[in-house]
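Shown next, in structure tokens, is the structure this report addresses.
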Amino acid sequence: MRHFMLWLLLLWPATGLAASPVPTEIYAEVDHALRPAKVLATPEAYLGRTLLLGGVVERTVSEPGNVLVEIVCYNLTDDDRPVQPDPVLGRVLISGSELDGAILQPGRLLTLVGEVVGRGQSDTGALPLLKVKFIHHWPTAEEEAEREAARRYYRPYNHWCDPWYYDPWCDPWYYGPYPRWHFGAGYYRHWH
907 MRHFMLWLLL
917 LWPATGLAAS
927 PVPTEIYAEV
937 DHALRPAKVL
947 ATPEAYLGRT
957 LLLGGVVERT
967 VSEPGNVLVE
977 IVCYNLTDDD
987 RPVQPDPVLG
997 RVLISGSELD
1007 GAILQPGRLL
1017 TLVGEVVGRG
1027 QSDTGALPLL
1037 KVKFIHHWPT
1047 AEEEAEREAA
1057 RRYYRPYNHW
1067 CDPWYYDPWC
1077 DPWYYGPYPR
1087 WHFGAGYYRH
1097 WH
């Protein structure tokens, strides 16, 4: 039992690094035996099958009761994040009434699970059409910068230090090699 717990503790960080944003119940519906390139070449032969794809938004068209998004397909990493264009997959249309056209602007990276429903018309011609079951939009560089600013605002000092354990090296008011060298707020807070 002790060896099992040791292996569990050693493998636990690795499982968090390769976590997909897709919920497990939806991920179980994906037909992993299918090759997306084969399905997208002849979508009529695979109607009703479920695929996991990723890419970048090329164009968004909002229609009454529906949003149509054209995506350039990308290769996915182990955590299902799109990384580089895949010319074999090409372009795909996705549709769904729950899609938000304001968020799905050109340049946005997506990971999605969709059901093949045939072909749809686009300005570039007839493209494979998927009905979205799940979509995850990855944050843009601006959104990441806002999150980092919020993290720094709420935790202005080293976030690796435990806030409930006093360590002079993690004290934001400490500036010298010995705690009593600096008589700022840290001195009065911790040493009196």
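Positions 907 to 1098 (the working numbering) are the ones given, in order, by the sequence shown.
Backbone N, C-alpha and C fix where the C-beta goes; we use that ideal spot for every residue, glycine too.
Computed from a prediction, not measured in an experiment: that's the story for all the values here.
- Under the criterion of beta carbons closer than 8 Å, V963 and Q1011 qualify as touching, at roughly 6 Å.
- C-alpha of D986 to C-alpha of C979: approximately 12 Å in a straight line.
- For A1047, the closest C-alpha among the options L1015, L959, F1040, G1024 is that of L1015.
- Taking 7 Å as the cut-off, the Cβ atoms of P1034 and V994 do not count as close.
- Apart from the 5 residues on each side of it in sequence, V1023 sits with its Cβ closer than 7 Å to the Cβ of L953, L1035, L1036, K1037 in its chain, given in chain order.
- Within the same chain, and ignoring the five residues on either side of E1004 in sequence, the residues whose Cβ sits closer than 8 Å to its Cβ are V1038.
- Just measuring C-alpha positions, the residue of A939, E969, L974, G971 sitting nearest L957 is A939.
- In the three-state reduction of the DSSP assignment, L974 falls in the strand class.
- Short of 7 Å from the beta carbon of D992, and not among the five residues preceding or following it, lie these beta carbons of its own chain, in chain order: C979, Y980, N981.
- Rounded to the nearest whole angstrom, the C-alpha separation of G1026 and E976 is 10 Å.
- Under the three-state reduction of DSSP output, E935 falls in the coil class, being neither helix nor strand.
- In this structure, G960 keeps its C-beta atom at 7 Å or more from the C-beta atom of T1030.
- Sequence-distant partners of W1044 (beyond 5 residues in either direction) whose C-beta falls short of 6 Å from its own C-beta, in its chain, are L1015.
- The Cβ neighbour count for I1009, taken over all protein chains shown within 10 Å, is under 16; the residue is labelled exposed.
- As computed with DSSP, L1005 is found in no beta bridge at all.
- In the DSSP assignment, L946 falls within the unbroken alpha helix (DSSP H) covering 942-947.
- In the DSSP annotation of this structure, the continuous segment of the beta strand (DSSP E) that includes S968 starts and ends at 956-969.
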